[in-house]
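Step one of this worksheet: look at the structure below.
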Ligand code: DSN
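Residue numbers (my numbering): 674 to 1102.
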């Protein structure tokens, strides 16, 4: 009897094909990436690095990993790359371990300003084992460099993160470099969200300005779940020991055997990123996001849109995510800068165009999609989050029941399914 899992995968295939996947950190990988990911390479143990393994039988695995490393070095113009980190958070843990001793100061953009958990958020390793200091964005939602400089001078961080997960503007690495130099900090760019945009030249590369670069491989880069750490020329000069420190932080520091099927799939996606079609793709991602943002009454210079819902009512992020899901549109609730409610009941949503663009959608399609989003959001008006915390659980239960029966959302879902179904999804017939 076939596993129950395959029935569930079939259900998820339907959702991915007939829905609009707009979580900006998600994408669709190619059939070749899927093939490598589902290969027999998963059977092999390979602790260590090419030519230096703790297990036999790694001749082919060595070739695959070295190939992936070479592709990464060429693509990003860096002298050293590591492709073994299991995903983004482990890559950032490894990097922090390699650069800092426990208790050292690390600085990063606060989560509520669009930063990442591993850049010094409460309850994350980065603030449990290190002294985390957060900088933030100003009223214009842009990074406040006056605050950043003052905090850096006061706390003297060993490591400064520059990287975002919900920031709709381009980053200017030169400004971060200047501040890092003032306090002799190691500057690390976490480009997980924008790696694809950097490869395409739509976004400036941090390589000339930072010491280390980390990235996931499954977002705009369009590879499998995974991550890479890269050391720049500058980083090697700053610390000639950094390569062995990163290696030790990978194994035995934080990981065991590398996921060889994942490494192979990363290599396939890096090959794809060299093609002219990838540049076209990433350029279109940004064009699409710009149009979508304008249609929704805001701005985007990247692949994502951070939409404040304060005009719709109090604490509307959860309700918006849920109503849009009922309409076949997947986004995520997100805090907005200066969040007036809470991270669990935030006042905004985050949405983006990487996955839709992979399916071939263009600017005119974004206008249609914005229309559906606006129509769906009308349905949450009047469903403000109760100010009293204890009433919120029951409120949400009741809201979900009502919205599940909402006729207008059902109409939108039909239109969305008809539209989305016409666009191919790689790996899905
Ligand atoms: N979970 C990722 C995102 O959605 O941005 C960050 O790790």
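C-beta atoms are modelled at their ideal positions from N, C-alpha and C, and glycine is treated no differently.
Please read these numbers as outputs of a predicted model, since none were measured by experiment.
By how many angstroms is the C-alpha of residue 846 removed from the C-alpha of residue 836? Counting from 1 along the chain shown, the entry for residue 836 is found at position 163. Counting from 1 along the chain shown, the entry for residue 846 is found at position 173. Each residue's CA atom was taken as its position, placing residue 836 and residue 846 some 10 Å apart.
Distance cut 5 Å, beta-carbon to the ligand DSN heavy atom: residue list by chain order: Each of 698 and 838 has a C-beta closer than 5 Å to some heavy atom of the ligand DSN; these make up the full list, in chain order.
Assuming the contact rule is C-beta atoms closer than 8 Å, residue 1056 and residue 992 should be a hit. Round their C-beta distance to whole Å, please. Taking the chain shown and counting its residues from 1, the one referred to as residue 1056 is at position 383. Taking the chain shown and counting its residues from 1, the one referred to as residue 992 is at position 319. At roughly 5 Å, the Cβ-Cβ gap stays under 8 Å, so residue 1056 and residue 992 are in contact.
Work out the CA separation of residue 686 and residue 1001 for me, nearest whole Å. The count along the chain shown starts at 1 and reaches residue 1001 at position 328. The count along the chain shown starts at 1 and reaches residue 686 at position 13. Straight-line Cα distance between these residues: approximately 13 Å.
Please list the terminal residues of the continuous beta strand (DSSP E) segment that includes residue 804. Within the chain shown, the letter at position 131 stands for residue 804. In this chain, the beta strand (DSSP E) harbouring residue 804 covers 804-808.
In the structure shown, what three-state DSSP assignment does residue 977 receive? Locating residue 977 in the chain shown gives position 304, counting from the first residue. DSSP, read as helix, strand or coil, puts residue 977 in strand.
Residues bridged to residue 834 (per DSSP): Numbered from 1 along the chain shown, position 161 holds the residue referred to as residue 834. According to DSSP, residue 834 bridges with 861.
Can you pull the DSSP bridge partners for residue 693? Sequence index remark: in the chain shown, residue 693 carries index 20 (1-based). Partner residues in the beta bridge of residue 693, as assigned by DSSP, are 1002.
Buried versus exposed, by CB contacts within 10 Å (16 or more), residue 795: Residue numbering aside, residue 795 sits at position 122 when the chain shown is read from its first letter. Per the 10 Å Cβ criterion, exposed.
Exposed or buried, what is residue 938 when buried is set at 16 or more other beta-carbons lying within 10 Å of its beta-carbon? Counted from its first residue, the chain shown places residue 938 at position 265. Buried.
For residue 793, which residues from the same chain have a beta carbon less than 7 Å from its beta carbon, with the 5 sequence-adjacent residues on both sides left out? The sequence position of residue 793 within the chain shown is 120, counting from 1. Only 779, 780, 781, 799, 800, 805, 806 and 807 meet the Cβ criterion.
Residue 941 and residue 777 closer than 8 Å at C-beta: Here residue 941 refers to the residue found at position 268 of the chain shown. Here residue 777 refers to the residue found at position 104 of the chain shown. No, these two residues do not count as a Cβ contact at 8 Å.
Would you kindly report the start and end of the unbroken alpha helix (DSSP H) that includes residue 869? Residue mapping note: residue 869 aligns to position 196 of the chain shown, counting from 1. 868-872 is the span of the alpha helix (DSSP H), which, as asked, contains residue 869.
Helix, strand or coil, according to DSSP, for residue 722 in the structure here? Sequence index remark: in the chain shown, residue 722 carries index 49 (1-based). Three-state result, residue 722: strand.
Does the region 893-902 come close enough to the region 695-714 to have 3 or more Cβ pairs within less than 8 Å? Touching, yes, given that three or more Cβ pairs across the two stretches are closer than 8 Å.
Per DSSP, what are the beta-bridge partners of residue 686 in this structure? Here residue 686 corresponds to residue number 13 of the chain shown, with the count starting at 1. Answer is none; residue 686 lacks a bridge partner.
Please look up how many angstroms separate the CB atoms of residue 1005 and residue 1052, rounded, as I've assumed it's under 8 Å. Here the question's residue 1005 lines up with position 332 in the chain shown. Here the question's residue 1052 lines up with position 379 in the chain shown. Distance from residue 1005 to residue 1052 at the Cβ level is roughly 18 Å; contact not present, criterion being Cβ atoms closer than 8 Å.
Is the CB-CB distance between residue 986 and residue 767 below 8 Å? For the purposes of this step, residue 986 is taken as residue 313 along the chain shown, with counting starting at 1. For the purposes of this step, residue 767 is taken as residue 94 along the chain shown, with counting starting at 1. Not a contact, by the Cβ cut-off of 8 Å.
8 Å CB neighbourhood of residue 996 in its chain, flanking five on each side removed: Counting from one through the chain shown, the residue named residue 996 turns up at place 323. 1049, 1050, 1052, 1053, 1076, 1079 and 1082.
Residue 1033 versus residue 747 - alpha carbon distance: If you number the chain shown from 1, residue 1033 lands on position 360. If you number the chain shown from 1, residue 747 lands on position 74. Within the model, the alpha-carbon separation for residue 1033 versus residue 747 is close to 27 Å.
Kindly indicate which three-state DSSP category residue 1092 falls into: helix, strand or coil? Against the chain shown, residue 1092 aligns to sequence position 419. Three-state DSSP puts residue 1092 in a helix.
Pick from 712, 920 and 1061 that is closest to residue 726, judged by C-alpha positions: Taking the first residue of the chain shown as 1, we reach residue 726 at position 53. Nearest option by C-alpha distance: 920.
Tell me the start and end of each unbroken beta strand (DSSP E) in the region 738-794 that is at least 3 residues and wholly inside, in chain order. The beta strand (DSSP E) runs lying completely inside the region 738-794 and spanning 3 residues or more are 753-755 and 778-782, given in chain order.
Report the partner residues of residue 1024 according to the DSSP bridge assignment. Residue mapping note: residue 1024 aligns to position 351 of the chain shown, counting from 1. According to DSSP, which records beta bridges pairwise, residue 1024 is partnered with 978.
Could you tell me the distance, in whole angstroms, from the CA atom of residue 1094 to the CA atom of residue 1101? Looking up residue 1094 in the chain shown gives position 421. Looking up residue 1101 in the chain shown gives position 428. Going from the Cα of residue 1094 to the Cα of residue 1101 covers about 11 Å.
Just tell me which of 841, 901, 875 and 1028 has its CA closest to the CA of residue 943. For this step, residue 943 is matched to residue 270 along the chain shown. Nearest option by C-alpha distance: 901.
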